[in-house]
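Counting along the sequence shown from 1, when you hit position 107 you're at 107 in full-length UniProt numbering, and nothing is skipped either side.
All residues carry an ideal CB built from backbone N, CA and C; glycine is no exception.
Computed from a predicted model, the values in this text were never measured in an experiment.
Worksheet for the structure shown next.
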Amino acid sequence: MNSPAGTNLGGSIGLIHHLSAFFATFGVPEELSSDGGPEFSAGRTADFLRLWQVKHRMSSVGFPQSNGRAEVAVKTAKRLLVSNTGPTGNLDHDRFRRAMLHLLNTPDPDCDLSPTQIIFVRPLRDSLSFVNRLEKFSNPHIRPLWRQAWAAKEEALRTRMARTTESERTHTTASPSHSRGGGVPPEPSWL
1 MNSPAGTNLG GSIGLIHHLS AFFATFGVPE ELSSDGGPEF SAGRTADFLR LWQVKHRMSS
61 VGFPQSNGRA EVAVKTAKRL LVSNTGPTGN LDHDRFRRAM LHLLNTPDPD CDLSPTQIIF
121 VRPLRDSLSF VNRLEKFSNP HIRPLWRQAW AAKEEALRTR MARTTESERT HTTASPSHSR
181 GGGVPPEPSW L
């Protein structure tokens, strides 16, 4: 599913191409959330989503809670790309794919399930598959110091997430509603 520059796989055509592949692999979602970018608000995309009976929910640029998960995903993807790019600027595809598999196999601290366990009901085999078979908090082959560090890290992340969520709730206000097809307000100058 590569979308090289200069092909017809950009814009709404490329989006529809990739959504079709995702639908075939993972099933058709009931709802798709986006920021209303041009490829998502194109008539061709609207027709495609209507054909597949997928509700399109557009979030507001000025409402951080609605874009929170997407922003975290973008930052994670950028981090993976940057950390797997060589000094000449070429992406090491094997390292990137291994990093993606590790990310997809990493359990969420709140539900203790990884994205692959949620979708495929099992973790995918990756380059650290032997670790997946180990009980991380009780395995005698893992030093107690590591087990304590994992537990402390999970607790710190849980606390930070709760603080961040509370801060967002108290320091943000909902944007005024926008009419469908209306213009999107410009980004604030400080962003």
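On the CB-based measure, 16 or more other CB atoms within 10 Å of its CB, does residue i come out buried or exposed?
i    : result
P123 : buried
N105 : buried
L15  : buried
T165 : exposed
T159 : exposed
T45  : buried
A99  : buried
Spatial neighbours of residue i within its chain, please: CB distance less than 7 Å, with the 5 preceding and 5 following residues excluded, ordered by chain position.
i    : result
I23  : The residue asked about is misnamed: residue 23 is Phe in this sequence, not Ile. Excluding positions up to five away in sequence, the list reads W52.
Q117 : P123
P29  : V54
D126 : R98, L101, H102 and N105
E71  : none
Do residue i and residue j have their CB atoms nearer than 8 Å?
i    : j    : result
L113 : P107 : yes
S20  : E39  : no
T85  : L103 : no
F48  : I119 : no
L157 : P109 : yes
D35  : S59  : yes
Kindly identify the DSSP beta-bridge partner or partners of residue i.
i   : result
S33 : R57
T85 : L91
Enumerate in chain order the residues of its own chain whose CB-to-CB distance from residue i is below 6 Å, with the five nearest sequence positions on each side excluded.
i    : result
R57  : E31 and S33
P115 : L104
Within a Cβ cutoff of 8 Å, which residues of the same chain sit near residue i, ignoring the five residues on either side of it in sequence?
i   : result
F96 : L80, L81 and N84
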